[in-house]
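Right, one structure below, let's go through it.
Numbering (my numbering), first residue to last: 168 to 546.
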């Protein structure tokens, strides 16, 4: 096997040049000859490093950035773009008023904002609100009830529940920023960034989802190498995976032979959940053209296996603990395993003084065609 020699260091290259100078001349550091050769040796070393880097960009195992994109193009692949998160907003305000599309909302202490996809009518709705009792007005005086304590065992006994009528509407919103950072937790979108007196409050009853980062070099490299190392064989199991991964947006593919009997193949694919229906159509259409005659191919989406995760943590904010756990779950691949010990380690690395996982009690193994759908509770 041919090996590539290690590059010379600047000092080695300079010494080689000095060795070629006749022994009778002064070539010590600081001499005229030394000072003349040193910058030349340095520049030669720099140019050699550049050349090596250029050569490495021609190979998928070493290429990065735009050069990896060029190699992907050679194999009919495209880097999967980043996608913004989506969320359902609940807006309360003046009854029967219309909130225009592109109204902007955000969350506390973060440069993340969402804009509504469409306009929404605030339908008159009767709801219950809990608060301190209101003053009683007579003809001459205002009788104020006792003020409830700020906190404590009896604070809730001073609160009253009353029915009020508000305008309420539900509308889908899209994060202005792409990436997983937009997948914020429930009830965190509470700020109005636009001027609109008809809006009293806003929240997101459910977490935002579907936000995806730009496909990393490592993930794109793995898809390229799969194509290179698994050439077509006319319809083998690896061929269906190979073909599915050429559809832009498909991040995972698995082929199940004889899924519905002899002559049938099921292909399970994964991708951004907001685009999965379109990806299934595109992949099905592409595989129908590539499959051998007589084979019944069916494309279906990757299953999501719900896993309840309850964590007790001390020393860091609940928001940071939640983002840390979600970051860990994103590293779990299809059919992977959830290790409570790794969650604890991630929380400690994030600055927690102490952490314990109440659920799950032990290691959880996902089904072979399932990815994790975490339901996280922080105590």
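Backbone N, C-alpha and C define an ideal beta-carbon position, used for all residues, glycine too.
All values reported here derive from a predicted model rather than from experimental measurement.
Residues that DSSP places opposite residue 358 in a beta bridge: Within the chain shown, the letter at position 191 stands for residue 358. Answer by DSSP bridge pairing, in chain order: 273.
Whole beta strand (DSSP E) elements within the region 484–511, 3-residue minimum: Taking 3 residues as the shortest admissible run, the region 484–511 contains no complete beta strand (DSSP E) segment at all.
Residue 536 to residue 487 span [Cα, whole Å]: Along the chain shown, read from residue 1 onward, the residue named residue 536 stands at position 369. Along the chain shown, read from residue 1 onward, the residue named residue 487 stands at position 320. Taking the straight line joining both Cα atoms gives about 30 Å.
Consult DSSP for residue 228 and reduce its assignment to one of helix, strand or coil. Numbered from its first residue, the chain shown carries residue 228 at position 61. If DSSP states are grouped into helix, strand and coil, residue 228 belongs with coil.
Helix or strand or just coil, what does DSSP make of residue 261? Taking the chain shown and counting its residues from 1, one reaches residue 261 at position 94. Note: residue 261 maps to coil in three-state DSSP.
Note down, in chain order, each residue of its chain lying with its Cβ closer than 8 Å to the Cβ of residue 514, except the 5 sequence neighbours on either side. Within the chain shown, residue 514 is the residue found at index 347, counting from 1. Once the five neighbours on either side are set aside, the close Cβ partners of residue 514 are 478, 480, 483, 488, 491, 492 and 522.
Could you say if the region 418–434 and the region 271–286 meet the contact criterion of at least three C-beta pairs nearer than 8 Å? Contact fails: fewer than three Cβ-Cβ distances are below 8 Å.
Going by DSSP, which residues form a beta bridge with residue 408? Position 241 of the chain shown, counted from the first residue, corresponds to residue 408. According to DSSP, residue pairing for residue 408 in a beta bridge does not occur.
Here's the rule: buried if 16 or more other CB atoms are within 10 angstroms of the residue's CB, otherwise exposed. What is residue 223? Here residue 223 is taken as the residue at index 56 of the chain shown, counted from 1. Exposed: under 16 other Cβ atoms inside 10 Å.
When you compare each of 360, 500, 467 and 249 to residue 383 by their alpha carbons, which one comes out closest? Within the chain shown, numbered from 1, the residue matching residue 383 stands at position 216. Taking only the C-alpha atoms, the option nearest residue 383 is 249.
Taking the alpha carbon of residue 510 as the reference point, which residue from 545, 457, 538 and 297 has its own alpha carbon closest? In the chain shown, counting from the first residue as 1, residue 510 sits at position 343. The alpha carbon of residue 510 has as its nearest neighbour, out of 545, 457, 538 and 297, the alpha carbon of 545.
Starting from residue 468, follow its DSSP beta bridges and name the residues at the other end. Working through the chain shown from its first residue, we reach residue 468 at position 301. In DSSP, residue 468 forms a bridge with 436.
With DSSP as the reference, please indicate the residues paired to residue 336 in a beta bridge. Your numbering for residue 336 matches position 169 in the chain shown. Note: residue 336 sits in a beta bridge opposite 258.
Beta-carbon gap between residue 269 and residue 283 smaller than 8 Å: In the chain shown, the residue the question calls residue 269 occupies position 102. In the chain shown, the residue the question calls residue 283 occupies position 116. Residue 283 is positioned such that its CB atom lies closer than 8 Å to that of residue 269.
If you drop the 5 nearest sequence neighbours on each side, which residues of the same chain put their C-beta closer than 8 Å to that of residue 542? As a position in the chain shown, residue 542 is number 375, starting the count at 1. Answer for residue 542: 473, 474, 475 and 476, listed in chain order.
Residue 457 to residue 340, Cα distance in whole Å? On the chain shown, position 290 is the one that residue 457 refers to. On the chain shown, position 173 is the one that residue 340 refers to. Looking at the two C-alpha atoms, the distance is approximately 38 Å.
Could you have a look at residue 169 and say whether DSSP puts it in helix, strand or coil? In the chain shown, counting from the first residue as 1, residue 169 sits at position 2. Annotation note: pLDDT 49 at residue 169 (below 50); position unreliable, coordinate value reported separately. Assignment of residue 169 by DSSP, reduced to helix, strand and coil, places it in the coil class.
Quick check: the Cα distance between residue 127 and residue 533, rounded to an integer number of angstroms? For residue 127 there is no data in the structure shown, the boundaries of the chain being 168 and 546.
Are the CB atoms of residue 408 and residue 422 nearer to each other than 8 Å? Here residue 408 is taken as the residue at index 241 of the chain shown, counted from 1. Here residue 422 is taken as the residue at index 255 of the chain shown, counted from 1. Yes; because the gap between Cβ atoms is below 8 Å, this pair is in contact.
Work out the CA separation of residue 203 and residue 180 for me, nearest whole Å. The residue given as residue 180 occupies position 13 in the chain shown. The residue given as residue 203 occupies position 36 in the chain shown. When rounded, the distance between both Cα atoms is 14 Å.
My output table needs one value for residue 453: the three-state DSSP class, helix, strand or coil. Taking the first residue of the chain shown as position 1, residue 453 is located at position 286. Of the three classes helix, strand and coil, the one that applies to residue 453 here is helix, per DSSP.
In this structure, how does DSSP classify residue 392 when only helix, strand and coil are distinguished? The count along the chain shown starts at 1 and reaches residue 392 at position 225. The answer is helix: DSSP assigns residue 392 an H, G or I state.
Based on the DSSP output, what are the partners of residue 532 in its beta bridges? Residue numbering aside, residue 532 sits at position 365 when the chain shown is read from its first letter. In the DSSP secondary-structure assignment, residue 532 is bridged to 504.
Residues bridged to residue 379 by DSSP? Here residue 379 refers to the residue found at position 212 when the chain shown is read from its first residue. Per DSSP, 250.
Does residue 347 come out as helix, strand or coil in the three-state DSSP assignment? The residue labelled residue 347 in the question sits at position 180 within the chain shown. Looking at residue 347 - three-state DSSP - the assignment turns out to be helix.
Beta carbon of residue 452 nearer than 8 Å to that of residue 501: Translated into the one-based positions of the chain shown, residue 452 becomes position 285. Translated into the one-based positions of the chain shown, residue 501 becomes position 334. Not a contact, by the Cβ cut-off of 8 Å.
Closest Cα partner of residue 385 within the set 280, 256 and 228: Stepping through the chain shown from its first residue, residue 385 is reached at position 218. Sorting 280, 256 and 228 by C-alpha distance to the C-alpha of residue 385 places 228 at the top.
Pick helix, strand or coil for residue 219, following the three-state DSSP scheme. Translated into positions along the chain shown, residue 219 becomes position 52. Helix.
DSSP state of residue 206 mapped onto helix, strand, coil: Counted from its first residue, the chain shown places residue 206 at position 39. Three-state result, residue 206: helix.
Less than 7 Å between C-beta atoms, sequence neighbours within five positions excluded: which residues of the same chain meet that for residue 358? If you number the chain shown from 1, residue 358 lands on position 191. Contacts found: 272, 273, 274 and 275.
Boundaries of the alpha helix (DSSP H) in which residue 194 is found, first to last residue: Taking the first residue of the chain shown as 1, we reach residue 194 at position 27. No alpha helix (DSSP H) contains residue 194, which DSSP labels as neither H nor E.
Report buried or exposed for residue 446, applying the criterion of at least 16 other Cβ atoms within 10 angstroms of its Cβ. Counting from 1 along the chain shown, the entry for residue 446 is found at position 279. It counts as buried.
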